[in-house]
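Here the structure comes first, spelled out in structure tokens, and everything after it is commentary.
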Amino acid sequence: MLRSLRWKITIPFTAVILLLLVSIGILASNYVKSIYLKDLQSRQIASARLIADNILGQGLPLDSTGNLDAQTIHWSDVINERVTIIAVDGTVIGESEEDRTKMDNHLNRPEVRAALESGIGNSTRFSHTTGYSMLYTAVAAADQAGSVKAIIRLATPLVEVESSIRQLQATIGGVLLLAAVLILLVSGWIAARISRPLTDLTSAIGQLANPAPLITRSGDGDEIHRLTDSFNGMAARLDALIKENEKEKKRLELVLEHMTDAVLIVDAPGEVLLFNRAAAFLFGSEMTQIGRTLAEVSADHQVVQLWQYCLQTHQPGQASIPLNAGKKQVLAAAIYIPDDSQGYCVLFLQDVTQQQQLEQMRRDFISNISHELRTPLAGIKAMTETLLDGALKDGKNAKRFIERIQIEADALSLMVGELLELARIESGKVPLEKTQVDPGEIARSAIQRLAIQTEQAGITMDLTVQPDLPAIQADPTRLQQVLINILHNAIKFTPAGGHVSVSITSDTNSVRISIADTGKGIPSSDLPRIFERFYKVDRSRSSAGTGLGLSIARHLVEGHGGSISVVSEVGKGSTFTIQLPIA
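Using this note's numbering, read the sequence shown as starting at 635 and increasing by one per residue.
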């Protein structure tokens, strides 16, 4: 029975209250005793001062001749206290109850020492003379000059005080006993009121945690033990469910974080609830967009319109939307997800910019190669038809037509050969035989090979090489091919009297080769595509060349672990920069 929650509440509660009441009773009795003693001490001090004034006023002799004994007895009868007069040296010179001649020297009595030092002394102790506790109060009798003539000590037995305190303690004990009974009854009633709902709650939780009938474990466990068992059972099941939900949540977060498509979840008021990494990259923002509105995240009105359409119609929607002023193209889809409130929409945005660029490049490639093939094939066909129509019999013209056919066939053969070489370079089937080479020597060799073309074009070309130039790890044949392709274009598009300069410098990690000309320059709209296959600016459509040289150069430079770039301004020339790592 004592293990029941009812008694576990009742017994400690009662014990605490009783301990508190006992402590209060002890403090109260001690306080009453101290008040009584202080009042008694005050009366003794007043009486002792009256006796001192009487002795000094009457001029009574302060000696041990016994003259003061009768007077002390008289005073004792008046104030109903024991009176003792003590000389300054501690000798008892007057005593109301005992034979003073048999009494010890009182100089070391604590109340006497205190009276000699400060004028008043108090002490409570057991008196061996009387056989019970006494309250002693001593007062110094001093003349007008402040000289102490004697000590007046009064003593009162504490028997009556102790008796009064015992009566008070008995009264408090009776009250405590009655309070204990009342507290025990009240706390038991309160504990019963508390334990009954806990019992019902334990049963309800047990049924919630386990549909099977709740079986209480053997033993006399209290309600708390049974409640704990039920809670443990329910907690174990809830923990399993929470862990499973956490696993599913982590899987979903992992999938969302690694998706290449942007995913946003937007509620009915327009607040962004989910914003994955791909969405942050697409919109050029940080992952702190959760909690903001869709209009703040995406300034494009078409994205907001798609969300509004999905939310209003509860139907999925799709749209092709340009973002960032047309710099990016996305394919957007919206799905409505209902819930207890107004629902929310999931937006999927796929960046198709690169696919569209590749498609545009494919179309341009087909257009370019068709243009490049159409001209020589049309010429070959026209000259062949002319020969078949009778020009073959004209020896002079026939020879000229056949030579022209041969030129066009060579041009086609060169184009096909460069296409095949570019395809092999892109596929990595052209091995680069890299060795440590001097980039200055490679540049000098390329310039020498183009010296005749430079002279015929009427332009000048120079080479500047930084002293102590470090070596690079490169295929000398392929690197020279890159330089020849770029220098050939510089010669071709620089008018007579122009200049081409080649400079080679280095820094901590790389060697930089710059080829600058004073030619016609390249329009800024054409610069991003200048390294594409077959790409030519409009002004050069009629010029010779396949349009593959710069594309081959770019792939070869990247194959060496380097980079190539161009800066140009129409009418002022172009500067191609090749950067290669130091060996």
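Virtual Cβ for every residue (Gly too), placed ideally from N, Cα, C.
Report task. Would you identify the three-state DSSP class for Pro1129, choosing helix, strand or coil? Result -> Within the sequence shown, residue 1129 is the residue found at index 495, counting from 1. In the structure shown, Pro1129 sits in coil (DSSP, three-state: anything other than H, G, I, E or B).
Query raised in the report: Would you say the beta carbon of Asp873 comes nearer than 8 Å to a heavy atom of the ligand GDP?
Result: Because no ligand of any kind appears in the structure shown, any question about the ligand GDP cannot be addressed here.
Report task. Going by DSSP, name the residue or residues bridged to Pro956. Result -> Locating residue 956 in the sequence shown gives position 322, counting from the first residue. Pro956 pairs with Gln963.
Query raised in the report: Candidates Val650, Glu796, Leu741: which alpha carbon is nearest Tyr622's?
Result: Given that the chain is displayed from residue 635 to residue 1217, the structure contains no residue 622 and the question cannot be resolved.
Query - Cα-Cα separation, Gln1100 to Asp1109 - result: Here residue 1100 refers to the residue found at position 466 of the sequence shown. Here residue 1109 refers to the residue found at position 475 of the sequence shown. Using only the alpha carbons, I get a separation of about 21 Å.
Requested in this report: Go to Ile1081, then tell me how far its alpha helix (DSSP H) extends in each direction, as first and last residue.
Outcome: Sequence index remark: in the sequence shown, residue 1081 carries index 447 (1-based). Taken as a continuous stretch (DSSP letters only), the alpha helix (DSSP H) holding Ile1081 covers 1073-1083.
Report task. Along the beta strand (DSSP E) that carries Phe597, what are the first and last residues, could you check? Result -> In the structure as shown, the chain starts at 635 and stops at 1217, and residue 597 therefore has no counterpart that could be examined.
Query raised in the report: Hey, Thr771 and Ile679 are a contact pair by Cβ (cut 8 Å); roughly how many whole angstroms apart?
Result: Position 137 of the sequence shown holds residue 771. Position 45 of the sequence shown holds residue 679. With 8 Å as the limit, Thr771 and Ile679 qualify as a contact, their Cβ atoms being about 6 Å apart.
Query raised in the report: Which residues in the same chain as Ser1224 place their Cβ atom closer than 6 Å to its Cβ, once the five residues preceding and following it in sequence are excluded?
Result: Summary: the structure shown does not reach residue 1224, with the chain confined to residues 635 through 1217, and so no result is reported for it.
Requested in this report: Note down the Cα distance separating Ala789 from Ala814, rounded to an integer number of angstroms.
Outcome: Reading the sequence shown from its first residue, position 155 is the one you call residue 789. Reading the sequence shown from its first residue, position 180 is the one you call residue 814. The alpha-carbon atoms of Ala789 and Ala814 are separated by roughly 41 Å.
Query - Limits of the beta strand (DSSP E) - the one that Gln1107 falls within - result: What you label residue 1107 is simply residue 473 of the sequence shown in a count that begins at 1. Looking at the DSSP string, the run of the beta strand (DSSP E) that includes Gln1107 is 1106-1108.
Query - Stretch pair the region 1134-1150 + the region 1086-1101: three plus CB contacts closer than 8 Å - result: yes
Query raised in the report: How would you label Leu872, buried or exposed, when you count the other beta carbons within 10 angstroms and need 16 or more for buried?
Result: In the sequence shown, counting from the first residue as 1, residue 872 sits at position 238. Flag for Leu872 reads exposed.
Query raised in the report: Considering only residues of the region 727-765, which uninterrupted beta strand (DSSP E) runs meet the minimum length of 3 residues and lie entirely inside it, listed in chain order?
Result: 754-761
Query raised in the report: To which residues of the same chain is Leu810 closer than 7 Å at the C-beta, ignoring the five residues directly before and after it?
Result: Within the sequence shown, the letter at position 176 stands for residue 810. The answer, listed in chain order, is Leu652, Leu655, Val656, Gly659.
Query raised in the report: For Arg1146, which of helix, strand or coil comes out of DSSP?
Result: On the sequence shown, residue 1146 is found 512 positions in, with the first residue counted as 1. Strand.
Query raised in the report: If you follow the alpha helix (DSSP H) that Thr947 is part of, which residue opens it and which one closes it?
Result: Counting from one through the sequence shown, the residue named residue 947 turns up at place 313. Counting along the chain, the alpha helix (DSSP H) containing Thr947 begins and ends at 935-947.
Query raised in the report: Under a CB-based cut-off of 9 Å, is Asn958 close to chain C?
Result: Going by chain labels, chain C is absent from the structure shown, which holds only one protein chain.
Query raised in the report: Where does Lys881 sit, in a helix, a strand or coil, going by DSSP?
Result: In the sequence shown, counting from the first residue as 1, residue 881 sits at position 247. Lys881: helix per DSSP, three-state reduction.
Query raised in the report: Just curious, the beta strand (DSSP E) that Gln984 is in, first and last residue?
Result: Translated into positions along the sequence shown, residue 984 becomes position 350. Where Gln984 is concerned, the enclosing beta strand (DSSP E) stretches over 978-985.
Query raised in the report: Rounded to a whole number of angstroms, what is the C-alpha to C-alpha distance between His1194 and Phe1210?
Result: For the purposes of this step, residue 1194 is taken as the residue at position 560 of the sequence shown. For the purposes of this step, residue 1210 is taken as the residue at position 576 of the sequence shown. Looking at the two C-alpha atoms, the distance is approximately 17 Å.
Report task. Quick one: using the 10 Å Cβ neighbour count with 16 as the cut-off for buried, is Thr894 buried or exposed? Result -> Numbered from its first residue, the sequence shown carries residue 894 at position 260. Exposed, by the Cβ-count rule.
Query raised in the report: Out of Val1204, His1122, Ile1147, Ser1148, which has the shortest C-alpha to C-alpha gap to Leu1161?
Result: Start at 1 with the first residue of the sequence shown, and residue 1161 comes out as number 527. Closest by alpha carbon: Val1204.
Query raised in the report: Assuming Ile785 contacts Ile720 under a Cβ cut-off of 8 Å, what Cβ separation, rounded to an integer in Å, is found between them?
Result: Walking along the sequence shown from the start, residue 785 turns up at place 151. Walking along the sequence shown from the start, residue 720 turns up at place 86. Ile785 to Ile720, Cβ: 4 Å. Contact.
Requested in this report: Specify, as a first and last residue, the run of the beta strand (DSSP E) that Ser710 falls within.
Outcome: One-based indexing of the sequence shown puts residue 710 at position 76. Here Ser710 belongs to no beta strand (DSSP E); instead the alpha helix (DSSP H) covers 703-713.
Query raised in the report: Can you name, in chain order, every residue of its own chain whose Cβ lies under 7 Å from the Cβ of Gly1092, other than the five neighbours on each side?
Result: Residue 1092 sits at position 458 when you count from the first residue of the sequence shown. If we look at Gly1092 and ignore the five residues flanking it on each side, its Cβ neighbours are Ala1130, Gly1131.
Query raised in the report: Buried or exposed: Gln946, going by 16 or more other Cβ atoms within 10 Å of its Cβ?
Result: Position 312 of the sequence shown, counted from the start, is the residue given in the question as residue 946. Looking at its Cβ environment, which holds fewer than 16 other Cβ atoms inside 10 Å, Gln946 is exposed.
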